[in-house]
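Below is one structure; the comments refer to it alone.
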Amino acid sequence: MRAHEAGALHGQLNAPSWLQRPTDVNDLLPGLWPQSVRRGSQCGILKVGNLKVTDIAEQVGTPAYVIDEADFRARARAFKTAFDEAFSKELGGPVDVYYAGKAFICTEVVRWVRDEGLNLDVCSGGELAVALRAGMPGERIGLHGNNKSDAEILRALEHRVGRIVVDSLAEIEQVARLAERVGVVAPVMLRTTVGVEAHTHEFIATAHEDQKFGLSLASGAAFEAARRVGELPALKLLGLHSHIGSQIFEVAGFEVAARRLLALYGRIVNELGLPLGEVDLGGGYGIMYNSTHVPLPVETLAKGMADIVAREIEAHQVPAPVVSIEPGRAIVGPSTFTVYTVGITKDVTLDGGQSRRYISVDGGMSDNIRTALYDADYSATLANRRSSAEPRLSRVVGKHCESGDIIVKDEFLPADVGEGDLIAVPATGAYCRSLASNYNHALRPPVVAVKDNEVRTLMRRETEDDLMALDVG
1412 MRAHEAGALH GQLNAPSWLQ RPTDVNDLLP GLWPQSVRRG SQCGILKVGN
1462 LKVTDIAEQV GTPAYVIDEA DFRARARAFK TAFDEAFSKE LGGPVDVYYA
1512 GKAFICTEVV RWVRDEGLNL DVCSGGELAV ALRAGMPGER IGLHGNNKSD
1562 AEILRALEHR VGRIVVDSLA EIEQVARLAE RVGVVAPVML RTTVGVEAHT
1612 HEFIATAHED QKFGLSLASG AAFEAARRVG ELPALKLLGL HSHIGSQIFE
1662 VAGFEVAARR LLALYGRIVN ELGLPLGEVD LGGGYGIMYN STHVPLPVET
1712 LAKGMADIVA REIEAHQVPA PVVSIEPGRA IVGPSTFTVY TVGITKDVTL
1762 DGGQSRRYIS VDGGMSDNIR TALYDADYSA TLANRRSSAE PRLSRVVGKH
1812 CESGDIIVKD EFLPADVGEG DLIAVPATGA YCRSLASNYN HALRPPVVAV
1862 KDNEVRTLMR RETEDDLMAL DVG
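Encoded structure:
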């Protein structure tokens, strides 16, 4: 391959238009952090739940994911309360809220979800194992996945999960065969591809036609799937499922999805005579990663979606179904931040005199792949002290052997950030630990919860012994 010009991330040393130079580089942007996070008035050390981040780092080391348990629980309750109230007013019944375990799952988090009255959506045998270990009742679990194994489906059936979301015509026969073996009637929902292009990154938009998930509404596959399920005594069709993508900040996409989903719902009820009772509108509600992101208040979101469903039910003249939703990122994302220790720093200057500070930390793409995978934008702050230095355009990078090992592409950080300082990156609760890897044989960080001025380890830091235990050579 011949030499080529440097890519878009190289040689572009101006801050992006959305990133404004701060008046005070120590300020915390509201909405990015768990509700209890603030700076100490004297020393400027970041605190969460009245605990200093420096003390947490000393106790558990860095990198570390820090989750505010009270914040997580409050967000979970807010979804349940707001959607129950909005849908009870419009449709006369509450909503089933399924926490999307793929965002982040461990046994203690499942217990929080259970205790707050939410159900749980899992999409693999491993996530199902965690749910069962945590004591989540089978009837409050939904199993997702586009390529479920026989073993995963059998385990779900044996533990009487509340629903299996069927993703293809072939899976209908698979689930029916396994249900007959276990001697149960399997409750299923049909994952319907409704043809909605969510305004989000291509890799996390999931309701357009040309992708791996679901049964196409436009091609007739979804209706055919309902017909086949209705002919199999080992299956019970609960209803229809839709998910249009992730990191969505408006309800318009849900309106189109609901319209198409309820039109299909009515056709199945009227033409096939199947007594459907449920509709799942998925999740994907956006959170704040930087100043351009403005999430809808959960009450506004709930009312908007309740209005949409009520209108479409009336338009299509169908009985009001039980509605379910699947927030994951919107609950755990803002409840968590990651703490790193700074190592090497360097200044990079190009022609014209522009420069950027590169701040290397002790983690990287092994604990947050989203910047490299989705071109995600994160924010950061100096966590162990207050600084009086000028803001400096900086890039927070990891220690891996990849030029794309970037955690925060652009941020104004104090010019005096140096070795031994702590950097905190907010909104890392979703899809950071879940997507974490052992690249370069990195050890995955711990997840610790803060509550009542105490730190508890939910998932311990990996050790070299953990790595070697898998190396049978």
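Going by our numbering, the sequence shown opens with residue 1412, and the numbers climb by one from there. A virtual CB, placed ideally from N, CA and C, is assigned to each residue, including glycine. Small disclaimer: the values here were computed from a predicted structure and weren't measured.
**Asked** Quick one: any contact between the segment 1868 to 1884 and the segment 1537 to 1546, if contact means 3 or more CB pairs under 8 Å?
**Response** The segment 1868 to 1884 vs the segment 1537 to 1546: no contact.
**Prompt:** So which of L1854, T1603 and E1527 has the shortest CA-CA distance to F1483?
**Reply:** In terms of Cα proximity to F1483, the closest of L1854, T1603 and E1527 is E1527.
**D1758, buried or exposed, once every other Cβ within 10 Å from all chains shown has been counted against 16** = By the Cβ-count criterion, D1758 is exposed, with fewer than 16 other Cβ atoms from all chains shown falling within 10 Å of its own Cβ.
**Item:** F1498: first and last residue of the uninterrupted alpha helix (DSSP H) it sits in
**Value:** DSSP places F1498 in the uninterrupted alpha helix (DSSP H) bounded by E1480 to L1502.
**Asked** Which class does R1867 belong to by DSSP, given the choice of helix, strand or coil?
**Response** R1867: strand per DSSP, three-state reduction.
**Prompt:** R1522 to V1576, Cα distance in whole Å?
**Reply:** For R1522 and V1576, the distance between alpha carbons rounds to 23 Å.
**Message:** I need the boundaries of the beta strand (DSSP E) containing D1821, first residue and last residue.
**Reply:** From DSSP, the beta strand (DSSP E) with D1821 extends over I1817 to P1825.
**Request:** Tell me, please, whether the segment 1789 to 1799 touches the segment 1451 to 1471 by the rule of three or more beta-carbon pairs shorter than 8 Å.
**Result:** They touch, by the three-pair rule.
**Request:** Could you tell me which uninterrupted beta strand (DSSP E) segments, each at least 3 residues in length, are contained entirely in the segment 1445 to 1476, listed from first to last along the chain?
**Result:** Runs of the beta strand (DSSP E) inside the segment 1445 to 1476: 1457 to 1459.
**Message:** With a threshold of 6 Å on Cβ separation, who are the neighbours of R1488 within its own chain once the five nearest residues in sequence on each side are excluded?
**Reply:** Take R1488, set aside five residues on each side of it, and the residues of its chain with a beta-carbon closer than 6 Å to its own are E1527, in chain order.
**Request:** Select from E1550, D1578 and R1571 the residue whose C-alpha is nearest the C-alpha of S1560.
**Result:** Distances from the CA of S1560 to each of E1550, D1578 and R1571 were compared; the closest alpha carbon is that of D1578.
**Request:** For the beta strand (DSSP E) holding E1830, just list the boundary residues, first then last.
**Result:** Counting along the chain, E1830 falls outside any beta strand (DSSP E), and DSSP gives it neither H nor E.
**Item:** Sequence-distant residues of its chain with Cβ nearer than 7 Å to D1827 (five each side left out)
**Value:** So the list reads S1798 and A1800, once near-sequence residues are dropped.
**Message:** Does the contact criterion of 3 or more C-beta pairs under 8 Å hold for the segment 1636 to 1643 versus the segment 1583 to 1591?
**Reply:** Output reads yes: the segment 1583 to 1591 touches the segment 1636 to 1643.
**Asked** Are the Cβ atoms of S1777 and A1838 separated by less than 8 Å?
**Response** Result no, Cβ atoms of S1777 and A1838 do not sit closer than 8 Å.
**Request:** Could you tell me whether the Cβ atoms of D1773 and T1752 are closer together than 8 Å?
**Result:** Judged by beta-carbon spacing, T1752 lies within the 8 Å limit of D1773, meaning their Cβ atoms are closer than that value.
**Asked** Is DSSP giving M1776 helix, strand or coil here?
**Response** The answer is coil: DSSP assigns M1776 none of H, G, I, E or B.
**Request:** Going by CA-CA distance only, name the one from G1664, N1851 and E1822 that's closest to E1813.
**Result:** If you compare the alpha carbons of G1664, N1851 and E1822 with that of E1813, the shortest gap goes to N1851.
**Asked** Going by the beta-carbon positions, is the gap between M1600 and D1691 smaller than 8 Å?
**Response** Yes, these two residues count as a Cβ contact at 8 Å.
**Request:** To the nearest angstrom, report how far apart V1667 and D1718 are at their CA atoms.
**Result:** Distance between V1667 and D1718, taken at the CA atoms: about 13 Å.
**Request:** Tell me whether L1896 is buried or exposed, calling it buried when 16 or more other Cβ atoms sit within 10 Å of its Cβ.
**Result:** For the chain, the structure presents residues 1412 to 1884; residue 1896 sits outside this window and is missing.
**Request:** Give the DSSP-derived three-state secondary structure of V1705 in the structure shown.
**Result:** In the structure shown, V1705 sits in coil (DSSP, three-state: anything other than H, G, I, E or B).
**Prompt:** Do V1750 and V1477 have their C-beta atoms closer together than 8 Å?
**Reply:** Taking C-beta atoms as the reference points, V1750 and V1477 count as a pair closer than 8 Å.
**Request:** Could you check the C-alpha separation between I1655 and D1507 for me, to the nearest Å?
**Result:** Computed Cα separation, rounded: 18 Å.
**Prompt:** To the nearest angstrom, how far is it from the Cα of V1436 to the Cα of I1742?
**Reply:** Roughly 28 Å separates the two Cα atoms.
**Item:** Cβ pair I1817, R1803 closer than 8 Å
**Value:** The Cβ-Cβ distance between I1817 and R1803 does not fall below 8 Å.
**Item:** Residues bridged to M1600 (per DSSP)
**Value:** Note: M1600 sits in a beta bridge opposite V1576 and G1650.
**Prompt:** Who are G1553's beta bridge partners in DSSP?
**Reply:** For G1553, which the question treats as bridged, DSSP gives the partners D1532 and R1574.
**Prompt:** Using the C-alpha atoms, what's the distance from H1811 back to A1783?
**Reply:** In this structure, the alpha-carbon of A1783 lies about 12 Å from that of H1811.
**Message:** Let's test the definition: count the other Cβ atoms within 10 Å of the Cβ of K1491 and tell me whether it reaches 16, buried, or not, exposed.
**Reply:** Buried, since its Cβ has 16 or more Cβ neighbours within 10 Å.
**Request:** Report the residue from F1515, V1520 and E1723 whose alpha carbon sits nearest the alpha carbon of V1734.
**Result:** Measuring from the Cα of V1734, the nearest candidate turns out to be E1723.
**Closest by C-alpha distance to P1441, when choosing among G1684, R1566, W1429 and S1702** = Scanning G1684, R1566, W1429 and S1702 for the CA closest to the CA of P1441 turns up S1702.
**Request:** Check whether the Cβ atoms of G1884 and Y1510 lie closer than 8 Å to each other.
**Result:** Contact: no.
**Prompt:** For the alpha helix (DSSP H) that contains R1740, what are its first and last residues?
**Reply:** Residues R1740 to V1743.
**Prompt:** What are the boundary residues of the alpha helix (DSSP H) that includes Y1785?
**Reply:** For Y1785, the enclosing alpha helix (DSSP H) begins and ends at R1781 to Y1785.
**Message:** With H, G and I counted as helix, E and B as strand and the rest as coil, what does DSSP make of A1663?
**Reply:** Helix at A1663.
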